[in-house]
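Have a look at the structure below before the remarks.
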Amino acid sequence: MAKNRQPNGASSIYLGKDGRWHGRVTVGVKDDGTPDRRHLSRKTRAEATKAVRELERQRDSTGVRKVGQTWTVTTWLTHWVENIAAPNVGENTIDGYRVAVNHHLIPGLGAHRLEKLEPEHLERFYKKMQDNGSAAGTAHQAHRTIRTALNEAVRRRHLTANPASIAKAPKLEEEEVEPYSLEEVQRLLAEATKVRNTARWVIALALGLRQGEVLGLKWEDVDFEVGVILVRRGRLRPRYKHGCGNRCGRKPGYCPQKINIRRETKDTKTRAGKRPIGVPEELLKLLRQHKEKQQRERTLARDLWVDKGYVFTSPTGEPLNPNTDFHRWKDLLKAANVRDGRLHDARHTAATVLLILGVPDAVVDRIMGWEPGKSARMRRRYQHLTGPVLQQTAAKVGGLLWGPTSHVVQPTAGGYVHGPNQSPAQGELLVYVARLGERRVPFLHSEHAEAVVSQWAADQPGRRAEVEEWDRQKWEQEGVGGMRAVRDRMPDRRSVHHSHAAFLPGGERLNLGRDERWSVSAWEFETDLYTDLPVRWHTTRRPGQEVEAHVRGTDKEAVTSAFAEACTQAVDRANNPHRYGDGPAVA
C-alpha cells in the first residue's frame, strides 16, 4: 500500500539515521521565493513533537524571527540609527537618537544578542542609569529610543516581540513650570534694553515664539505695515567638521577653521507651526530700531558682513547660534536679578499671559502654533493658574455668592505697575537724553550726554544729534528701558581696526583697488561683543576661488600680527585647497 504524503507546507517529524528525531516546519517564504522550512532536532519523538507544535504556535501568533544575520544590540542600534532613522527623521531628532544610542544604550546593553534581550535587562539598565546620576528624563529618552529601534526590528522580522514595549519605562514626573510674574517680566524687559538684540527677548516674553522660530526669522517675515510676523521656519543647531584637515587636534566645534555641515534652518514641523502673529505697536517700534542698529553694524563690518536677511544676527550678519543665544538668556536673568529658568519658560509665560487676558482658545492655538488635535493638552501644559488668575476667579465666585467685590486690584493695560514699596519718581528730576539719529541714550549727567552728542555728530555728519531733557517720571513710563537704562558714567568708545587681503589660486596677491587696512570708531551702546574682541581673524574661499584673509579687533598691534598669520594661511589655502575641505582649485 502506498505511503500517505503530507500536504505541501505541512510540518513533518521523522527519525533520522543519526538516531535523533527531526522536525521541519514551514514558517513562511524566503527572499528568493522558496519555502522557509525551519529544522529542529531532539532526542525523543515526544520532545520533537513538542518543539514542532511550539514553533507552529509562534508562527501562527507573533511570527518567527527572520533568518540571516545574527544581530546584537550594538550592531542593530548602529545600523538602525545611521541607515534607517537618519534619512527619515529631522536633524534635532537624530541628534537625540545618536546620544541615547552611543552614550547610553550601546555601553549598557550592547553585548546582548538581539533575540535574547529581555524586559528585565532594560529595567535594570534604566535603574543603573539613574543610580549613576542620570536624570529620569535621560533614562526615559533612552527607553523611547530603544523602543522605536526595536519596533523597527519587529517590523523587519528580526524580532518576534519588542521587550521595550513590555518593560516598565522610568517614572517621569512632569514638573509644574512657574511662569515669570508681571514684575519679573518688566525687570527682564528693562534689562533687555541694555544689551544687543533687545527685540529678541521682547518677542520671547510677549509672543512666546520658540527659540528656533525667533532665530530663524528673516526681515521678509516682518510686515511693518500690517503689524504681523509670519513664522515659517526654525533655526537648527549647527554641526561642524574640521576645516583645517583635522590638524588642530580639537573637536570639530572648536576648530579655528570649522565648517558647518548642517543647513541653517528648516520649515516648521507642522502646518499649525506656520502661522502669522499680530505684533504690538511697541514691539514693532523696537524692531524698527533694531533694523537701524543692524544697518550700522553692517556699515561697521564692511566686507566682513554676510547678508543672509536674518532679523537677529552676529555682529557680522551670521545667524545666531542657539547655544550662544541660551547663554545670553542666562546672562539676562542674572543682570535683571530674576530667578534662574529655562529659555523655554518664556514661552510658558507668554501662554499664561494669554490665559490672564482671557484670549479665546482658538486664538491661543494660532498664536502658540499648536495643532488642533493636541491643543487642549498643550494648553494644560503651558497655561498655568497663577495668582492673578486665581484671584480673578475668586472675585467672580465672591461676586456671585455675596454680591460685587471691590478689593481685587485689576492690572492696568500696558503701562508700568508700581510695587508696594515703589513710588512715582519726583517730577522735578531730569534725565538727559542723547538723541542720536533714531536712538535715544539716557544719562544722569548733562555733560555726559553733551559729550556723546558732540563726538557722535562728528562721526556721523548730517545726521540728527542733540540733547533732550526729559522729566524723570515721563522717561520711566515712556522711555526705552525705564530708569534702569539711565547711565551714570561716560560710555566706552573704541577704535575697531580692520585688515583684508585676497589671493588668487597659486598664491598671487589680488589688487583690491582700496586700502587693505582701516579703522572705525564704535560706542559700547552701538555694539558689545564686536568691540570687545582684541583680535579675530579667519580665511574664506569665495565662489571665484580666490581666498580672502579677514582680521579685525580693538588691539591694533594684535591685528597687525594676526594679519600676517592670516595671509600666510590664505596663501597656503589658495595653493592647497584639499587641506581645508575646499576641494580642488579651479585653474
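So for the sequence shown, the working numbering puts the first residue at -17; every next one is plus one.
Note that CB positions come from ideal geometry on N, CA and C, so glycine has one too.
{"Asked": "Backbone secondary structure at Trp500 - three-state DSSP", "Found": "strand"}
{"Asked": "Contact set for Lys240: own chain, Cβ-Cβ below 8 Å, skip 5 residues either direction", "Found": "Tyr222, Lys223, His224, Gly225 and Pro234"}
{"Asked": "Cutoff 8 Å; reference Val399; Cβ partners in own chain excluding five residues on either side", "Found": "Because Val399 carries a pLDDT of 35, less than 50, the predicted location of this residue cannot be relied on, and no value is offered for it."}
{"Asked": "First and last residue of the uninterrupted beta strand (DSSP E) at Asp107", "Found": "Before going on, a small fix: residue 107 reads as Phe here, not Asp. Taken as a continuous stretch (DSSP letters only), Phe107 belongs to no beta strand (DSSP E), being part of the alpha helix (DSSP H) at Pro101 to Asp113."}
{"Asked": "Under 8 Å between C-beta atoms of Gly5 and Ser(-7)", "Found": "yes"}
{"Asked": "Residue from Asn65, Ala68 and Ile128 with nearest C-alpha to Leu87", "Found": "Ile128"}
{"Asked": "Nonlocal neighbours in the same chain, by C-beta distance under 7 Å from Arg524, ignoring five residues either side", "Found": "Glu530"}
{"Asked": "Distance CB(Leu171)-CB(Leu187) smaller than 8 Å", "Found": "yes"}
{"Asked": "N- and C-terminal bounds of the beta strand (DSSP E) containing Trp3", "Found": "Trp3 to Val11"}
{"Asked": "Assigned secondary structure, Asn84 (DSSP; H/G/I helix, E/B strand, else coil)", "Found": "helix"}
{"Asked": "Residue nearest to Leu104 in terms of C-alpha spacing, selected from Ala416, Ser147 and Val533", "Found": "Ser147"}
{"Asked": "Contact the region 468 to 483 vs the region 412 to 429: 3+ CB pairs below 8 Å", "Found": "yes"}
{"Asked": "Every unbroken beta strand (DSSP E) within the region 136 to 218, with a cutoff of 3 residues, ordered by chain", "Found": "210 to 213 and 215 to 217"}
{"Asked": "Inter-residue Cα distance where the pair is Ser428 and Arg244", "Found": "51 Å"}
{"Asked": "Start and end residues, beta strand (DSSP E) containing His479", "Found": "Arg475 to Phe485"}
{"Asked": "Cβ separation of Lys256 and Val213, assumed to be a contact under 8 Å, to the nearest whole Å", "Found": "7 Å"}
{"Asked": "Span separating the alpha-carbon of Ala546 from that of Cys237", "Found": "20 Å"}
{"Asked": "Own chain partners of Arg232 with C-beta closer than 7 Å, once the 5 adjacent residues on each side are dropped", "Found": "none"}
{"Asked": "C-alpha gap between Arg555 and Gly495, whole angstroms", "Found": "22 Å"}
{"Asked": "Enclosing alpha helix (DSSP H) for Phe308 [first to last residue]", "Found": "Pro304 to Ala317"}
{"Asked": "Minimum C-alpha distance to Asp537 - residue among Ser501, Pro516, Ala552 and Ile185", "Found": "Pro516"}
{"Asked": "Boundaries (first-last residue) of the alpha helix (DSSP H) holding His61", "Found": "Val55 to His61"}
{"Asked": "Inter-stretch contact (C-beta, 8 Å, three-pair minimum) for the region 55 to 62 and the region 116 to 132", "Found": "yes"}
{"Asked": "Coil, strand or helix - Ile(-5) by DSSP", "Found": "strand"}
{"Asked": "For Ser23, three-class secondary structure by DSSP", "Found": "strand"}
{"Asked": "Stretch-stretch touch, CB-based, cutoff 8 Å, three pairs: the region 90 to 106 with the region 65 to 73", "Found": "no"}
{"Asked": "Residue from Val208, Tyr79 and Val55 with nearest C-alpha to His140", "Found": "Val55"}
{"Asked": "Within 8 Å, strictly: CB atoms of Gly227 and Gly194", "Found": "no"}
{"Asked": "8 Å Cβ cutoff met for Arg329 and Arg192", "Found": "yes"}
{"Asked": "Closest Cα partner of Leu218 within the set Val196, Cys230 and Val204", "Found": "Val196"}
{"Asked": "Sequence ranges, beta strand (DSSP E) only - wholly within the region 256 to 302, length at least 3", "Found": "257 to 260"}
{"Asked": "Reference Val572; option with closest CA among Lys251, Gly260, Arg270 and Gly563", "Found": "An answer regarding residue 572 cannot be provided, because it is not within the stretch -17 to 569 covered by the chain."}
{"Asked": "Same chain, Cβ closer than 6 Å to Glu274, neighbours up to 5 away in sequence not counted", "Found": "Glu420"}
{"Asked": "Residue(s) in a DSSP beta bridge with Tyr414", "Found": "Phe425 and Glu451"}
{"Asked": "Close Cβ partners of Pro386 (< 6 Å) along its chain, the five nearest in sequence each way excluded", "Found": "Low confidence applies here, because Pro386 scores a pLDDT of 47, under 50, leaving its location unreliable and the question unanswered by this model."}
{"Asked": "Same chain only: Cβ atoms within 8 Å of Val7, ignoring 5 sequence neighbours per side", "Found": "Ser(-7), Arg19, Arg20, Leu22, Val34, Leu37, Glu38 and Arg41"}
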